[in-house]
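Visitor: In the working numbering, each residue's number is its place in the sequence shown (first place is 1) plus 469.
Sharing a structure with you now.
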Amino acid sequence: MLIEVAYAGGLRVSEIVNLIWADVLPRDNNLVQLSILGKGEKPRQVLLPDVVSLSLLSLRGTRAQIILCSSVAKVAGSPNALCMGW
Numbered sequence: 470m471l472i473e474v475a476y477a478g479g480l481r482v483s484e485i486v487n488l489i490w491a492d493v494l495p496r497d498n499n500l501v502q503l504s505i506l507g508k509g510e511k512p513r514q515v516l517l518p519d520v521v522s523l524s525l526l527s528l529r530g531t532r533a534q535i536i537l538c539s540s541v542a543k544v545a546g547s548p549n550a551l552c553m554g555w
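Structure representation (structure tokens):
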């Protein structure tokens with residue numbers, strides 16, 4: 470799922486690793502907007518396609534989310550890298 474989000478949103482590795490649920494903003498028409506702090510600490514907004522948006526929102530509060538969170542935290546080297554706010 471993270472690979473889909475990264476590809477669809479054109480996200481850098483540092484941006485996807487620092488992504489938290491508070492950055493995932495549901496919008497009209499089943500779309501999701503991501504609030505990203507990008508390169509050079511510049512904020513940017515990314516609108517995901519509907520297929521990726523629905524998949525991402527369906528993960529909220531599921532066991533898959535917890536497994537995904539743990540996997541990315543290990544890669545990032547910090548137990549809270551992706552898990553904060555989930």
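Think of the CB as a built atom: it goes at the ideal place given N, C-alpha and C, for glycine as much as any other residue.
Just so you know, these numbers come straight off a predicted model, no measurement behind them.
Give me the Cα-Cα distance between V515 and V521, rounded to the nearest whole angstrom.
Guide: Their backbone Cα atoms lie some 12 Å apart in a straight line.
Visitor: Considering only the beta carbon of each residue, do D492 and I505 sit closer than 8 Å?
Guide: Yes, these two residues count as a Cβ contact at 8 Å.
Visitor: Check the C-beta distance from V474 over to L525 and give it rounded, since I have them as a contact under 8 Å.
Guide: Their Cβ separation, rounded to whole angstroms, is 6 Å, which keeps V474 and L525 in contact under 8 Å.
Visitor: What first and last residue would you give for the alpha helix (DSSP H) that runs through I485?
Guide: From DSSP, the alpha helix (DSSP H) with I485 extends over V482 to V486.
Visitor: How is the beta strand (DSSP E) around I472 delimited, first residue to last?
Guide: Where I472 is concerned, there is no enclosing beta strand (DSSP E), although the alpha helix (DSSP H) it sits in stretches over L471 to G478.
Visitor: Please list the terminal residues of the continuous beta strand (DSSP E) segment that includes L526.
Guide: Note, L526: premise wrong, no beta strand (DSSP E); alpha helix (DSSP H) at D519 to L528.
Visitor: Can you tell me whether V501 is buried or exposed? The criterion is at least 16 other CB atoms within 10 Å of its CB, across all chains shown.
Guide: Classification of V501: buried, given that the 10 Å Cβ count is 16 or more.
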